[in-house]
């Protein structure tokens with residue numbers, strides 16, 4: 092995908108979201124949950140980008156403008172993740188990890204966390220660290236888990252810094268090299 096089409100897709104997504112937020116703000120008091128759900132379904136069905144599908148999945152996850160529907164959430168996150176939407180990959184991994192809207196499958200969750208982590212999504216990196224450290228969905232690899240914390244901390248993530256410091260303090264996943272971070 093060229094950078095021009097990526098910019099156009101991002102612009103289209105932001106325009107759609109902005110329009111949706113205006114409609115919600117102006118009409119929320121007048122909409123019943125089922126009416127809003129119909130509008131949101133129509134918008135997502137016509138959305139040509141992954142963000143629209145992700146956002147509607149988020150609405151189904153949180154019961155925003157519609158009743159909470161885990162199966163619909165899973166379906167929409169799957170479509171958006173398959174289209175390369177990083178946050179949708181992370182959200183779909185959460186579905187697999189917790190058995191939300193689907194059967195629990197830690198191997199699939201691990202693969203999706205890996206994809207999102209490779210794209211630089213810090214929350215996915217931190218989840219991936221937990222999977223490596225505990226051997227969930229993959230072989231237990233404490234050194235790899237430590238490397239992931241180091242990478243996230245290097246990117247400036249405060250939670251990763253705190254957790255990395257705890258690893259050093261507890262001598263988890265690392266030797267006694269406490270001067271490194």
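Numbering (my numbering), first residue to last: 92 to 272. Note that CB positions come from ideal geometry on N, CA and C, so glycine has one too.
Cβ neighbours of residue i in the same chain (closer than 6 Å, five flanking residues each side left out)
| i | result |
| --- | --- |
| residue 191 | 161 |
| residue 226 | none |
| residue 165 | 186, 192 and 193 |
| residue 220 | 236, 239 and 240 |
| residue 246 | none |
| residue 232 | 223 |
Span of the alpha helix (DSSP H), counted from its first residue to its last, around residue i
| i | result |
| --- | --- |
| residue 148 | 141–153 |
| residue 180 | 177–189 |
| residue 159 | From DSSP, residue 159 is part of no alpha helix (DSSP H); its letter is neither H nor E. |
| residue 231 | Element bounds for residue 231: n/a, residue is neither H nor E. |
| residue 225 | 213–225 |
| residue 198 | 197–209 |
Residue from the options with nearest C-alpha to residue i
| i | options | result |
| --- | --- | --- |
| residue 169 | 238, 239, 142 and 157 | 142 |
| residue 244 | 230, 217 and 229 | 217 |
| residue 175 | 258, 158, 204 and 233 | 204 |
| residue 259 | 246, 234 and 213 | 234 |
Between the CA atoms of residue j and residue i - distance to the nearest angstrom
| i | j | result |
| --- | --- | --- |
| residue 240 | residue 185 | 19 Å |
| residue 183 | residue 250 | 22 Å |
| residue 237 | residue 154 | 36 Å |
| residue 197 | residue 179 | 17 Å |
| residue 210 | residue 177 | 7 Å |
| residue 195 | residue 152 | 16 Å |
| residue 167 | residue 208 | 20 Å |
| residue 215 | residue 163 | 22 Å |
| residue 268 | residue 252 | Confidence in residue 268 is poor, its pLDDT being 47 and thus under 50, which makes the residue's placement unreliable; the coordinate value appears in the next sentence. C-alpha separation (whole angstroms): 15 Å. |
| residue 65 | residue 261 | Because the chain spans 92 through 272 in this model, residue 65 falls outside it and cannot be assessed. |
| residue 213 | residue 140 | 23 Å |
| residue 257 | residue 202 | 26 Å |
| residue 248 | residue 156 | 32 Å |
Beta-carbon contacts of residue i that lie in its chain and below 7 Å, excluding the five residues immediately before and after
| i | result |
| --- | --- |
| residue 200 | 184, 187, 188 and 228 |
| residue 206 | 180 |
| residue 172 | 179, 180, 183 and 203 |
| residue 242 | 216 |
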